[in-house]
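Student:
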Amino acid sequence: MSNQTAERVAWVEAEVHRHAATILSAADRCPPGGNREWDGLLALYRVTPQPAVDRVSEVMGRRMIRGAVPTEVRRALESVASWARSELQQLAPLLPTDPHLRAVEDRIARLGAEADRYESAAAPPAAPSVGSIFANATATAGQAPWQSVKVPASTVLVCGGCGAPQQTSLDFRCRYCASPMGATPS
Ligand SMILES: [Zn+2]
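All residue numbers for the sequence shown refer to the numbering used here, where the first residue is 4 and numbers rise by one.
1. Would the region 106–113 count as touching the region 63–72 if we require 3 or more Cβ pairs under 8 Å?
2. Tell me the rounded alpha-carbon separation between L94 and V12.
3. May I have all residues whose beta carbon comes closer than 6 Å to any heavy atom of ligand 1, sorted in chain order?
4. Does at least one heavy atom of ligand 3 sit under 8 Å from the Cβ of H22?
5. Please go through the same chain and pick out, in chain order, the residues whose beta-carbon is closer than 8 Å to the beta-carbon of R176, but skip the five residues on each side of it.
6. CA-CA distance, E117 and S157?
7. Take D57 as the anchor and find which of V159, G166, R178 and C165 has the nearest alpha-carbon.
8. Is it right to say E40 is buried, meaning 16 or more other beta carbons lie within 10 angstroms of its own, or is it exposed?
9. Note down, in chain order, each residue of its chain lying with its Cβ closer than 6 Å to the Cβ of R65, except the 5 sequence neighbours on either side.
10. Going straight from the alpha carbon of A55 to that of E81, what length do you get?
11. With DSSP run on the structure shown, which of helix, strand or coil describes G145?
12. Tell me the DSSP secondary structure of P96 in three-state form.
13. Taking only three categories from DSSP, how would you classify V72?
14. When you compare each of H20, P168 and V15 to S89 by their alpha carbons, which one comes out closest?
15. Hey, is N38's beta-carbon within less than 9 Å of any beta-carbon in chain D?
16. Can you tell me where the beta strand (DSSP E) with Q170 in it begins and where it stops?
17. Applying the criterion that 16 or more other CB atoms from any shown protein chain within 10 Å of the CB defines a buried residue, is G36 buried or exposed?
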């Protein structure tokens, strides 16, 4: 077995770990639906950002109070997984029975579970039960049922300061960075 090949496997493993941590921590710290920093990170992983209106729909549908939308987080992690798999495919013929290579394959497979975890954590634990949604149908009108929330594109603005997508709701200053909504970035 080539020592260089074994080192390459270890490098792939370290990179998977590093990129997953980068994606998850960046996703966690952005305003609901993301911002320009998150867009930049998606570009690095060659993931196309969703339109602002879809981001807001997902944020409302999941009643998220912060963080990038799980759909995009999953795509970014899938991009890392597919890069890492292609690296390992090149190394596998050189290390046919290497247990470390198998372990790294397992690590890559766990990226899917990390996306699942992010998705479950994105919904606040205090989300009302289906029963209370119907009991408060008037109070929650426009929010429920979560899965079918449709936000008209015309009511979504993107913050000129940080790029966070937001519904207008008569609030023309960004809740996250206080820049005027809809302004052209300077
Ligand atoms: Zn902002």
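No residue lacks a Cβ here, since even glycine has one placed at the ideal position from N, Cα and C.
Tutor: So, from the listed chains and residues:
1. no
2. V12 has its alpha-carbon roughly 7 Å from the corresponding atom of L94.
3. Those satisfying the condition are, in chain order, C162, G164, C165, A167, C177, Y179, C180 and S182.
4. Among the ligands present in this structure, namely ligand 1, ligand 3 is not found.
5. S182, P183 and M184
6. If you draw a straight line from the Cα of E117 to the Cα of S157, it is about 34 Å long.
7. V159
8. exposed
9. A125 and A126
10. Rounded to the nearest angstrom, the two C-alpha atoms are 21 Å apart.
11. Below a pLDDT of 50, predicted positions are generally treated as unreliable, and G145, at 47, falls in that range; the measurement from the model is reported next regardless. G145: coil per DSSP, three-state reduction.
12. Helix at P96.
13. coil
14. V15
15. Judged by its chain identifiers, the structure shown contains no chain D, having just a single protein chain.
16. Here the beta strand (DSSP E) through Q170 covers P168 to Q170.
17. Result: buried.
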